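Numbering (the working numbering), first residue to last: 2 to 282. Here the structure is laid out as structure tokens; the discussion comes afterwards.
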Ligand code: C2E
Ligand code: MG
Ligand code: MG
Ligand code: MG
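Given below as structure tokens:
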């Protein structure tokens, strides 16, 4: 029943039906034991700095290695995990796993780069999020600038006070915060000045519109200018072509992520990226 999604990934569930209630029920039922049975895994995608083409960070992306159905992508279960609040446990699992991974790379003597975790709005609305985050990092002795947080603008729609308090506590201690999918959600250009964030990630829907190397997408270029004026790092996601890369460079983008450099890959395959520049022009 696996289907190919528009993104060229195999999806277990039929996207057009938007996950039926039966499928949803099945996922809901399986998820708690899937955490304890170790069925979730993380893939990592490098973030590349355009100045020297070095890998300056990784983003962790969760997948569900289902014993019967193979690899299931987040679109098929993150929303359900939010509805059932299981995302809180799953999120804690992600942070712990990234700490373990960094610890094991450290033991191997590898140069470490920061790893970003995607944190859902519901986790951030939990009063104890920042404390639990700090406790896990301390437990594994991971420096606070080695785990970064990606949040979407939608995290600031309701319960803003709790969300901002959690993020501010981490920001103040040097945890880097990225505003993910920038430009697609609830964003008032004024309030980003007051949010505890270090970086903007330009959503891949805007990058996709860049058709050739001398074509400048106005949303992309003005986001880059805005980020610079606000002293924020700017990362473009979903870079798939060389033309997009050239256009982004010309517009002054600092970092990129996308299939052009690497898809998200399992831990074993990421090791080679941490060592040297992965591409030169
Ligand atoms: P995101 O954080 O915006 O992650 C980027 C998504 O774009 C990933 O999809 C990645 O595989 C995909 N991508 C990267 N480069 C390219 C490219 O060049 N072309 C195209 N077409 N796609 C690209 P993925 O892994 O399926 O994740 C989807 C979303 O699920 C993520 O969007 C994030 O919002 C959420 N997610 C993933 N892992 C976690 C997690 O551990 N916790 C939570 N709460 N959410 C997660
Ligand atoms: Mg992300
Ligand atoms: Mg994104
Ligand atoms: Mg996204």
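Glycine residues also receive a C-beta, built at the ideal position from the N, C-alpha and C atoms. If you're wondering where the values come from, they're calculated on a predicted model, not measured in any experiment.
Between the Cα of residue 124 and the Cα atoms of 166, 271 and 270, which residue gives the shortest distance? 166
Straight-line CA distance for residue 113 to residue 103? 7 Å
Range of the contiguous beta strand (DSSP E) that encloses residue 234: 234-237
Is there contact between the segment 172-188 and the segment 201-210, where contact requires at least three CB pairs shorter than 8 Å? yes
Using only the heavy atoms of ligand 3, determine whether one of them is closer than 7 Å to the beta carbon of residue 191. no
My understanding is that residue 176 touches residue 148, with C-beta atoms under 8 Å, so please give their C-beta distance in whole angstroms. 7 Å
Does the segment 55-73 touch the segment 38-47, meaning 3 or more C-beta pairs lie closer than 8 Å? yes
Would you mind stating whether residue 248 and residue 211 have Cβ atoms separated by less than 8 Å? yes
Following the continuous alpha helix (DSSP H) through residue 108, name the residue where it begins and the one where it ends. 88-108
Since I believe residue 179 is in contact with residue 117 (beta carbons under 8 Å), could you give me their beta-carbon distance rounded to a whole number of angstroms? 6 Å
With hydrogens ignored, establish whether the beta-carbon of residue 151 is closer than 7 Å to any heavy atom of ligand 1. yes
Enumerated in chain order, which unbroken segments of the alpha helix (DSSP H) with a length of 4 residues or greater are wholly contained in the segment 33-86? 79-84
So, at 8 Å on beta carbons, what are the nonlocal neighbours of residue 231 in its own chain, with the 5 sequence-adjacent residues on each side left out? 193 and 194
Quick one: is the Cβ of residue 119 within less than 7 Å of any heavy atom of ligand 2? yes
Given the structure, does residue 60 come close to ligand 2, in the sense that its CB is under 7 Å from one of the ligand's heavy atoms? yes
May I have the straight-line CA-CA distance separating residue 246 from residue 261, to the nearest angstrom? 9 Å
Residue 273 by DSSP, collapsed to three states: which one? helix
Can you have a look at residue 121 and say buried or exposed, based on whether 16 or more other CB atoms are within 10 angstroms of its CB? buried
In three-state DSSP terms, what is residue 209? coil
Thinking just about the alpha-carbon of each residue, which of 131, 151 and 38 is nearest to the one in residue 68? 38
Considering only their Cβ atoms, is the gap separating residue 131 from residue 170 smaller than 8 Å? yes
Should residue 154 and residue 207 be called a contact, given that it needs their Cβ atoms to be closer than 8 Å? no
For chain D, check one thing: does any of its Cβ atoms lie closer than 8 Å to the Cβ of residue 23? In the structure shown, chain D cannot be found, because there is only a single protein chain.
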